[in-house]
Amino acid sequence: MYKKYFKRPLDFFLALFGFLLVLPIVVITAIILAISFKESPFFVQRRPGRHEKIFSILKLKTMNNKRDAEGNLLPDSERLTPLGVFVRKTSIDELPQLLNVIKGEMSLIGPRPLLIRYLPYYTTEERKRFVARPGITGLAQVSGRNLITWESKFENDVKYVENLSFANDVKILWMTFQKVIKSADIEVDPNANPTTEAMDLIRQRQPEFQHIQPIS
Numbered sequence: 001m002y003k004k005y006f007k008r009p010l011d012f013f014l015a016l017f018g019f020l021l022v023l024p025i026v027v028i029t030a031i032i033l034a035i036s037f038k039e040s041p042f043f044v045q046r047r048p049g050r051h052e053k054i055f056s057i058l059k060l061k062t063m064n065n066k067r068d069a070e071g072n073l074l075p076d077s078e079r080l081t082p083l084g085v086f087v088r089k090t091s092i093d094e095l096p097q098l099l100n101v102i103k104g105e106m107s108l109i110g111p112r113p114l115l116i117r118y119l120p121y122y123t124t125e126e127r128k129r130f131v132a133r134p135g136i137t138g139l140a141q142v143s144g145r146n147l148i149t150w151e152s153k154f155e156n157d158v159k160y161v162e163n164l165s166f167a168n169d170v171k172i173l174w175m176t177f178q179k180v181i182k183s184a185d186i187e188v189d190p191n192a193n194p195t196t197e198a199m200d201l202i203r204q205r206q207p208e209f210q211h212i213q214p215i216s
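Using UniProt numbering, the first residue of the sequence shown is number 1, and each one after it goes up by one.
This is the structure we're talking about:
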């Protein structure tokens, strides 16, 4: 009953209240980022949501767009600024996604929306994660975030979808609050942890996925 009748209205009202509450923080941070990066402070990227429907996710930028002599983006570690580190550690970069929740594209709690190019590489079991709206936080995020393997993340996503309930959502929301306060399990430098290697690159090396045509 919660999943069918109450989760979406609760998401809407909590996200609306939360967005109005954090709006000053988002505006001030966006202005500082715009001045620092000398470009738009917002990061917009297309991601697959519920039933793999594509939507545009909104975040605050934590990296600049500096490129090498050939026009290629520099490694993430070289584009991540001290300001970006702070924004990531405090999870302020995720706050604009409250607008995605208000629009019905996301939920407060659910599997994280990942890259479109990962779509061909999910197993049938892992694809169950798309039954629910993607979330700002989720079971995988409070179970280790980027410090666990992709397989563990997807197992947690499916476990969440199969056991979706009000009690579990409240538990995950509380655990998220605790981790944000402690800045726990937050991967500031993606290159510092080998488990953050792109999922599609990992699975392209596995025999059962080598026949798949990558999405360009």
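Where a beta carbon is used, it is the ideal one built from N, C-alpha and C, also for glycine.
One or two residues paired with residue i in a DSSP bridge
{"i": "Met63", "result": "Leu80"}
{"i": "Phe86", "result": "Bridge partners of Phe86: none, in fact."}
{"i": "Phe130", "result": "Phe130 pairs with nothing; no bridge assigned."}
{"i": "Phe42", "result": "Leu60"}
Three-state class that DSSP yields for residue i in the structure shown
{"i": "Ile148", "result": "coil"}
{"i": "Gln210", "result": "coil"}
{"i": "Arg47", "result": "strand"}
{"i": "Ile202", "result": "helix"}
{"i": "Ile215", "result": "coil"}
{"i": "Ser107", "result": "strand"}
{"i": "Thr56", "result": "Residue identity check: residue 56 is Ser in the sequence provided, not Thr. Ser56: strand per DSSP, three-state reduction."}
{"i": "Leu73", "result": "strand"}
{"i": "Arg112", "result": "coil"}
{"i": "Asp93", "result": "helix"}
{"i": "Met1", "result": "coil"}
{"i": "Tyr121", "result": "helix"}
{"i": "Glu155", "result": "helix"}
{"i": "residue 294", "result": "The chain is shown only over 1 to 216; residue 294 falls outside these bounds and no answer can be derived."}
{"i": "Asp169", "result": "helix"}
Limits of the alpha helix (DSSP H) - the one that residue i falls within
{"i": "Gly138", "result": "Per DSSP, Gly138 belongs to no alpha helix (DSSP H) and is neither H nor E."}
{"i": "Leu164", "result": "Per DSSP, Leu164 belongs to no alpha helix (DSSP H) and is neither H nor E."}
{"i": "Val101", "result": "97–102"}
Cutoff 7 Å; reference residue i; Cβ partners in own chain excluding five residues on either side
{"i": "Leu99", "result": "Phe19, Leu58"}
{"i": "His51", "result": "Phe130"}
{"i": "Ile172", "result": "Ile109, Thr137, Gly138, Leu139, Val142"}
{"i": "Gly135", "result": "Met106, Ser107, Leu108, Ile109, Gly110, Pro111, Arg112"}
Residue i versus residue j - alpha carbon distance
{"i": "Pro82", "j": "Ile35", "result": "14 Å"}
{"i": "Arg8", "j": "Lys159", "result": "20 Å"}
{"i": "Leu16", "j": "Asn64", "result": "29 Å"}
{"i": "Leu164", "j": "Arg127", "result": "16 Å"}
{"i": "Ile32", "j": "Val26", "result": "10 Å"}
{"i": "Lys38", "j": "Arg79", "result": "14 Å"}
{"i": "Phe86", "j": "Met175", "result": "21 Å"}
{"i": "Pro75", "j": "Asp68", "result": "10 Å"}
{"i": "Glu70", "j": "Tyr122", "result": "34 Å"}
{"i": "Glu197", "j": "Arg133", "result": "24 Å"}
{"i": "Asp11", "j": "Tyr118", "result": "27 Å"}
{"i": "Asp93", "j": "Leu21", "result": "15 Å"}
{"i": "Leu114", "j": "Gln45", "result": "10 Å"}
Contact set for residue i: own chain, Cβ-Cβ below 8 Å, skip 5 residues either direction
{"i": "Ser40", "result": "Ala34, Lys61"}
{"i": "Ser183", "result": "Lys89, Thr90"}
{"i": "Ile202", "result": "Trp150"}
{"i": "Pro96", "result": "Val26, Phe42, Leu58, Lys59, Leu60"}
Terminal residues of the beta strand (DSSP E) in which residue i lies
{"i": "Pro24", "result": "It is not in any beta strand (DSSP E) - Pro24 instead sits in the alpha helix (DSSP H) that spans 7–37."}
Sequence-distant residues of its chain with Cβ nearer than 6 Å to residue i (five each side left out)
{"i": "residue 217", "result": "Since the first residue shown for the chain is 1 and the last is 216, residue 217 is missing from the structure and cannot be characterised."}
{"i": "Phe55", "result": "Gly49, Glu105"}
{"i": "Phe166", "result": "Tyr2"}
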